[in-house]
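Chemist: Can you read through this structure? Questions will come right after.
2 protein chains.
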Amino acid sequence: MKTSIATVSLSGSLVEKLHACAAAGFDGVEVFEPDLIACEHSPEEIRALAARLGLTLDLYQPLRDLEGVADDVFADNLRRAAATFATAGRLGIDTVLVCSNVATATIDDDAVSAAQLRQIGDVAADHGVRIAFEALAWGRFVDDYRRAWRIVELADHPAVGVCLDSFHVLSRGHDPADIEQIPGAKIFYLQLADAPALQMDVLSWSRHHRLFPGEGAFDLAGFVRHVLAAGYVGPLSLEVFNDTFRQTDPGRTAVHALRSLLWLQDALHLAPVADAKPPNGFDFVEIKAEDTSEVEVLLGQLGFIPGGRHRSKPVTLWQAGSARVVLNEQQARDEVPHVAAIGLQVPDADATSRRAADLMAPAAYRRTYASEQPFGSAVAPDGTELFWVTQPPTGTADWVSEFRDGVPAAGGPVHAVDHVNLTQPWQTTEDAVLFFTSVFGLSADDPTEVPGPTGLVRSQVLRTADGAVRIPLNVAPLAVADGSLAQHIAFACDDIVALARTARDAGLEFLSVPDNYYDYVAGRFGVDDDTVAALRELDLLYDRSPGSQGHFIHFYTRTVGSVFFEFVQRFDHYDGYGVDNAPVRLAAQRSRTRS
Amino acid sequence: MKTSIATVSLSGSLVEKLHACAAAGFDGVEVFEPDLIACEHSPEEIRALAARLGLTLDLYQPLRDLEGVADDVFADNLRRAAATFATAGRLGIDTVLVCSNVATATIDDDAVSAAQLRQIGDVAADHGVRIAFEALAWGRFVDDYRRAWRIVELADHPAVGVCLDSFHVLSRGHDPADIEQIPGAKIFYLQLADAPALQMDVLSWSRHHRLFPGEGAFDLAGFVRHVLAAGYVGPLSLEVFNDTFRQTDPGRTAVHALRSLLWLQDALHLAPVADAKPPNGFDFVEIKAEDTSEVEVLLGQLGFIPGGRHRSKPVTLWQAGSARVVLNEQQARDEVPHVAAIGLQVPDADATSRRAADLMAPAAYRRTYASEQPFGSAVAPDGTELFWVTQPPTGTADWVSEFRDGVPAAGGPVHAVDHVNLTQPWQTTEDAVLFFTSVFGLSADDPTEVPGPTGLVRSQVLRTADGAVRIPLNVAPLAVADGSLAQHIAFACDDIVALARTARDAGLEFLSVPDNYYDYVAGRFGVDDDTVAALRELDLLYDRSPGSQGHFIHFYTRTVGSVFFEFVQRFDHYDGYGVDNAPVRLAAQRSRTRS
Numbered sequence: 001m002k003t004s005i006a007t008v009s010l011s012g013s014l015v016e017k018l019h020a021c022a023a024a025g026f027d028g029v030e031v032f033e034p035d036l037i038a039c040e041h042s043p044e045e046i047r048a049l050a051a052r053l054g055l056t057l058d059l060y061q062p063l064r065d066l067e068g069v070a071d072d073v074f075a076d077n078l079r080r081a082a083a084t085f086a087t088a089g090r091l092g093i094d095t096v097l098v099c100s101n102v103a104t105a106t107i108d109d110d111a112v113s114a115a116q117l118r119q120i121g122d123v124a125a126d127h128g129v130r131i132a133f134e135a136l137a138w139g140r141f142v143d144d145y146r147r148a149w150r151i152v153e154l155a156d157h158p159a160v161g162v163c164l165d166s167f168h169v170l171s172r173g174h175d176p177a178d179i180e181q182i183p184g185a186k187i188f189y190l191q192l193a194d195a196p197a198l199q200m201d202v203l204s205w206s207r208h209h210r211l212f213p214g215e216g217a218f219d220l221a222g223f224v225r226h227v228l229a230a231g232y233v234g235p236l237s238l239e240v241f242n243d244t245f246r247q248t249d250p251g252r253t254a255v256h257a258l259r260s261l262l263w264l265q266d267a268l269h270l271a272p273v274a275d276a277k278p279p280n281g282f283d284f285v286e287i288k289a290e291d292t293s294e295v296e297v298l299l300g301q302l303g304f305i306p307g308g309r310h311r312s313k314p315v316t317l318w319q320a321g322s323a324r325v326v327l328n329e330q331q332a333r334d335e336v337p338h339v340a341a342i343g344l345q346v347p348d349a350d351a352t353s354r355r356a357a358d359l360m361a362p363a364a365y366r367r368t369y370a371s372e373q374p375f376g377s378a379v380a381p382d383g384t385e386l387f388w389v390t391q392p393p394t395g396t397a398d399w400v401s402e403f404r405d406g407v408p409a410a411g412g413p414v415h416a417v418d419h420v421n422l423t424q425p426w427q428t429t430e431d432a433v434l435f436f437t438s439v440f441g442l443s444a445d446d447p448t449e450v451p452g453p454t455g456l457v458r459s460q461v462l463r464t465a466d467g468a469v470r471i472p473l474n475v476a477p478l479a480v481a482d483g484s485l486a487q488h489i490a491f492a493c494d495d496i497v498a499l500a501r502t503a504r505d506a507g508l509e510f511l512s513v514p515d516n517y518y519d520y521v522a523g524r525f526g527v528d529d530d531t532v533a534a535l536r537e538l539d540l541l542y543d544r545s546p547g548s549q550g551h552f553i554h555f556y557t558r559t560v561g562s563v564f565f566e567f568v569q570r571f572d573h574y575d576g577y578g579v580d581n582a583p584v585r586l587a588a589q590r591s592r593t594r595s
Numbered sequence: 001m002k003t004s005i006a007t008v009s010l011s012g013s014l015v016e017k018l019h020a021c022a023a024a025g026f027d028g029v030e031v032f033e034p035d036l037i038a039c040e041h042s043p044e045e046i047r048a049l050a051a052r053l054g055l056t057l058d059l060y061q062p063l064r065d066l067e068g069v070a071d072d073v074f075a076d077n078l079r080r081a082a083a084t085f086a087t088a089g090r091l092g093i094d095t096v097l098v099c100s101n102v103a104t105a106t107i108d109d110d111a112v113s114a115a116q117l118r119q120i121g122d123v124a125a126d127h128g129v130r131i132a133f134e135a136l137a138w139g140r141f142v143d144d145y146r147r148a149w150r151i152v153e154l155a156d157h158p159a160v161g162v163c164l165d166s167f168h169v170l171s172r173g174h175d176p177a178d179i180e181q182i183p184g185a186k187i188f189y190l191q192l193a194d195a196p197a198l199q200m201d202v203l204s205w206s207r208h209h210r211l212f213p214g215e216g217a218f219d220l221a222g223f224v225r226h227v228l229a230a231g232y233v234g235p236l237s238l239e240v241f242n243d244t245f246r247q248t249d250p251g252r253t254a255v256h257a258l259r260s261l262l263w264l265q266d267a268l269h270l271a272p273v274a275d276a277k278p279p280n281g282f283d284f285v286e287i288k289a290e291d292t293s294e295v296e297v298l299l300g301q302l303g304f305i306p307g308g309r310h311r312s313k314p315v316t317l318w319q320a321g322s323a324r325v326v327l328n329e330q331q332a333r334d335e336v337p338h339v340a341a342i343g344l345q346v347p348d349a350d351a352t353s354r355r356a357a358d359l360m361a362p363a364a365y366r367r368t369y370a371s372e373q374p375f376g377s378a379v380a381p382d383g384t385e386l387f388w389v390t391q392p393p394t395g396t397a398d399w400v401s402e403f404r405d406g407v408p409a410a411g412g413p414v415h416a417v418d419h420v421n422l423t424q425p426w427q428t429t430e431d432a433v434l435f436f437t438s439v440f441g442l443s444a445d446d447p448t449e450v451p452g453p454t455g456l457v458r459s460q461v462l463r464t465a466d467g468a469v470r471i472p473l474n475v476a477p478l479a480v481a482d483g484s485l486a487q488h489i490a491f492a493c494d495d496i497v498a499l500a501r502t503a504r505d506a507g508l509e510f511l512s513v514p515d516n517y518y519d520y521v522a523g524r525f526g527v528d529d530d531t532v533a534a535l536r537e538l539d540l541l542y543d544r545s546p547g548s549q550g551h552f553i554h555f556y557t558r559t560v561g562s563v564f565f566e567f568v569q570r571f572d573h574y575d576g577y578g579v580d581n582a583p584v585r586l587a588a589q590r591s592r593t594r595s
């Protein structure tokens, strides 16, 4: 279907927004009136620019507070509407959005509103435009799309139809099924926005917290299905008021936005987006730095086995069970150790590559020599590179043999990557969630907030249903400069107490846990004295699921560059991440940095 | 009264928090359990540190989800409570906060809860502590302080009392008058927090948006009056969960917090804070820079009269009507023009100075020579300096005669400073509001949000009732680096069209307003063609109050350094700031910066 987006969804000037939408590949845009008012270019120039960029101008919006008023007020409103229709005409736009009255309505009567809309329709028709009447969720009298439709039906004017906005319908909990009662030809426009499940006044929710489809709690696919069943044939248009998108690069937001419409059309089987199954597990994690030797020391102390150097690149492989860490010193001048890439095993690498391309995920470019295994690739919004190979039927992926000592690691306590925690700048968080859910089919857990010593850290886990791939995304508080919140790789192990003891004997420096923590663990969970003593001796942390036997023991290494390691053991189906221990970790990490 | 604050209200480690609270002058603190758990120091060390700093440790908190449960769960809860009481004992704290059960309660029965609190009271007494039971606003069964008191009354145990928290009472709209039914001796603790009037779920509201007393919409003085009438004699303690204070300098937050308690006690006539009346008007505005000559050119073009150089300092005075601009090049190396100070005329400068000192406002230090007029002074949270003198009965303040050509300016279109707009970093916004309202008796209008091209700008006006002093505070969107949102000084004038024409003829560079804006003004307000033509010719902006004749014409200069000027004319009691034009201004300023 035709795709469109309201210019209010993006940051920048109107000209910048048009360029961003065209570059992303949108078919059209809705022009937000304040964007035009603040623009140095005339309506005719904007019309010509859009034509050159290949964008249609689909809607001019919004015209507010027109109907449900006394006659004298209405006369002035008609004049105001005429001026707006004239501007729309100069832009070459044939549809103007009219919102239900929120401020000046005094007459709560469908017949009056219909009669007034009919008069506005006459003026609109004189200007060669039509009006799409929308029930705002906080309209003074008209706050339900079914009432807006009743008024439009009463108005019975060819230039008067309705605009449907998923936010205004779903935020109020109104049943979208009744949309099918509206003749498709009278649905003049469709605006789409998702939103998180928040309990707050609907106006603030709408103005600050809308999201692109697939990022929130609304059933957008179900909503659109009703609209299509009604016979609507216009564009799928995004109108997303969001504090982040208002501020960040409009080019990136436009791609992100269009990806959300591809995801939505895929869910409705309307777009040719290739299917791909979610990943089976992690294949490797890559740490990149000019000098990775400090990481090598850590991995050695933790029982990882060096798998040798790559035959053509300054890259080394370290293995423990099925966990593989690639240390990359290629083109890494001045870089401190950080997670640069995540490798995944997928059921069909080619299918995943096709899906990633269809969803506009940018490819990552790495030099691949003849006879080396090619990877599928994509770059996540925060710059982390994702690679994937088809899961080998047995043994390890072919690329492992490109390393000189590419032997499988001997059995040891560490057996797999449990999760990879990526820290996100606030600018890319929503974008990253849609990227991982749409391209890789991961599901997004509800976000949580972890109190750190200098603010709340927002954390949201993206994962496969079976937990084989888990990628928590952490967003630092504002006061913490981007990047100073470290990433980490967590490894699953079988006997964490033995591993910790061996590592300590090998000289590993643990993240130090305060004594008070162990008094707390004993008191809160009633853990027996011997276990508490062992935890205390080895700087191990403990968690237990409420009302179950599931528990969790884990520990952290010190941070090297901007990455640290975690080692975890899950007992009795514990499925969390020890989130209550995160404040202790964050405080210890901060204390270390400052001492 | 004794003052206290919960450590959760501040950023940093527990040790940093204790130092900050002691330095600000608090009498005591509540220790938030997670702060202790994450702390490297033992409870005994914390107790000793607090003693050395002169702080009492007033409360250990919180102990959650204890009562209203089945017997087997309660047995474990008793064990957990005992461990917490032991820790409190090691800290030397005699009161532990017990919150009403939010997670595990299964029995909705006052008698059961009372019996369980009684048993907990026995264990507490064994440890030499008492428990203060608090109804959380989102408690599973107990969410009203009156019910918490009924349960405590039923428990009838000397170690069991209630804790009252203004947020939990007022956020639910519960009548605080019933507090007077509780015997004062059974109110074991009092926690205070203000909050803005938000419509959202009470848990999120509480966790993110609490404010210090005097900053929000709650009647804290009325609340405390009921608690005192009940006979409460414990500390006034602040518990403020706020996303900003969690992140920012704990030393500054602690002073800010204590100022709020001084303000509150002043409102209750409990503290010796000197009275002072609000200012009568602006006395001057000071712009500071290494080189102020570009500002001089602007002022000259706008009809300001140079009042000469100061006799002892590299400072010049420019006047127009009663508007005085001081240009200061003293100790300003590398500084671009910015608003450095605001001078106010007050009814009694000594009274304002005493009040500022009592409210812990830091003084600003300026070199004052013999025979120069001394000013009262304070530094606002954003660093802007405030000075004040007693309003002279007639004529101008004595300091004006310190300038060599200190003659009053001839009559001209500009007659006064209308408002001074200060841009705030996000870190100091709440602090600034309390500073201006408490020290100067300004009132705070409701905040608004202005859509700029790169995000929402939050704006809140602080003003005197008569509008003689108006100080809007603007907070930039995150993506805009601090300081890049310019400050401005607005001058009131009598014939703005004539002023604009004269200034243009004198070569003034106006902020350029897009043509589209004038089409919009004509359409929206039905302004006649001649007026629109004059507005368009001179880059003037227009606004009108809804449903009244009050209207507003204004224009902006280009920005010099980080300051620009606005000239305004208010017609027919227009009392606003042309806020709907702010997006046009912000877009034009951004466009200028980028071209």
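Protein chains in written order, with the UniProt record's numbering: chain A, 1 to 595; chain B, 1 to 595. Positions of the beta carbon are idealized from the N, C-alpha and C atoms, including for glycine.
Would you be able to state if there are at least three C-beta pairs under 8 Å between the stretch 324-338 of chain A and the stretch 554-561 of chain A?
Modeler: Short answer: they touch.
Chemist: With a cut-off of 8 Å, do at least 3 Cβ pairs link the stretch 6-26 of chain B to the stretch 442-461 of chain A?
Modeler: These segments touch.
Chemist: Using a C-beta cutoff of 7 Å, does A/Gly251 count as contacting chain B?
Modeler: So, not an interface residue.
Chemist: Would you check if the stretch 375-386 of chain B and the stretch 339-351 of chain B touch, i.e. whether three or more CB-CB distances between them fall below 8 Å?
Modeler: They touch, by the three-pair rule.
Chemist: What does A/Ala83 touch in chain B if you count any residue whose Cβ is under 9 Å from its own?
Modeler: Correct list: Asp519, Tyr520, Ala522, Gly523, Arg524 and Gly526.
Chemist: Looking only at its own chain, which residues have a Cβ that is under 8 Å from the Cβ of A/Ala534, when we skip the five neighbours before and after it?
Modeler: Hits under 8 Å: Val497 and Leu540.
Chemist: What's the call for B/Gly383, buried or exposed, on a 16-neighbour Cβ count within 10 Å?
Modeler: Flag for B/Gly383 reads exposed.
Chemist: Is the CB of A/Ala38 under 7 Å away from at least one CB in chain B?
Modeler: It does; some Cβ of chain B falls within 7 Å.
Chemist: Closest to B/Arg544 by C-alpha separation, out of B/Arg246, B/Phe525 and B/Gln589, would be which residue?
Modeler: B/Arg544 has its Cα closest to that of B/Phe525, out of B/Arg246, B/Phe525 and B/Gln589.
Chemist: Give a yes or no on whether the minimum CB-CB distance between B/Ala444 and chain A is below 7 Å.
Modeler: No, B/Ala444 does not count as interfacial toward chain A.
Chemist: Does the stretch 166-179 of chain A come close enough to the stretch 198-213 of chain A to have 3 or more Cβ pairs within less than 8 Å?
Modeler: With a cut-off of 8 Å, the stretch 198-213 of chain A and the stretch 166-179 of chain A count as touching, because enough Cβ pairs lie within range.
Chemist: For the beta strand (DSSP E) containing B/Glu134, name the first residue and the last one.
Modeler: Per DSSP, B/Glu134 belongs to the beta strand (DSSP E) from Arg130 to Glu134.
Chemist: Quick one: which unbroken beta strand (DSSP E) runs of 3-plus residues sit fully inside the stretch 394-429 of chain B? Chain order, please.
Modeler: 414-424, all fully within the stretch 394-429 of chain B.
Chemist: Please state the DSSP three-state secondary structure of A/Gln199.
Modeler: A/Gln199: coil per DSSP, three-state reduction.
Chemist: What residue range does the alpha helix (DSSP H) around B/Ser293 cover?
Modeler: B/Ser293 -> alpha helix (DSSP H) spans Ser293 to Gln301.
Chemist: Return yes when the Cβ of A/Phe212 is within less than 7 Å of the Cβ of A/Ser260, no when it is not.
Modeler: Against a cut-off of 7 Å, the Cβ pair of A/Phe212 and A/Ser260 comes out as a contact.
Chemist: Skipping 5 residues on each side, what residues in its chain have a beta carbon closer than 7 Å to that of B/Ala444?
Modeler: So the list reads Val433, Thr437, Gln460 and Leu462, once near-sequence residues are dropped.
Chemist: Exposed or buried, which one is A/Lys17 when buried takes at least 16 other CB atoms within 10 Å?
Modeler: Under this definition A/Lys17 is a buried residue.
Chemist: Near B/Leu55, which residues of its chain fall below 8 Å by C-beta distance, leaving aside the five closest residues on each side in sequence?
Modeler: Around B/Leu55: Leu18, Cys21, Ala22, Phe26, Asp27, Gly28 and Val29.
Chemist: If we call anything under 7 Å between Cβ atoms a contact, is A/Ala500 one with A/Leu538?
Modeler: Result yes, Cβ atoms of A/Ala500 and A/Leu538 sit closer than 7 Å.
Chemist: Would you check if the distance between the CB atom of A/Leu298 and the CB atom of A/Thr557 is smaller than 7 Å?
Modeler: Result yes, Cβ atoms of A/Leu298 and A/Thr557 sit closer than 7 Å.
Chemist: Which residues of chain A have a Cβ atom closer than 7 Å to the Cβ of B/Ser13, listed in chain order?
Modeler: What B/Ser13 touches in chain A: Pro453, Ala587 and Ser591.
Chemist: Give me the chain B residues within the contact set of A/Asp515, using Cβ-Cβ distance strictly less than 7 Å, ordered along the chain.
Modeler: Those are Ser42, listed as they occur along chain B.
Chemist: Which chain A residues are close to B/Leu456, counting only those with a beta carbon under 9 Å from its beta carbon?
Modeler: Ordered by position in chain A, the residues that pass the 9 Å Cβ test against B/Leu456 are Arg207, His208, Asp243, Arg246 and Gln247.
Chemist: If you reduce the DSSP assignment to three classes, tell me which class A/Tyr517 lands in.
Modeler: Helix at A/Tyr517.
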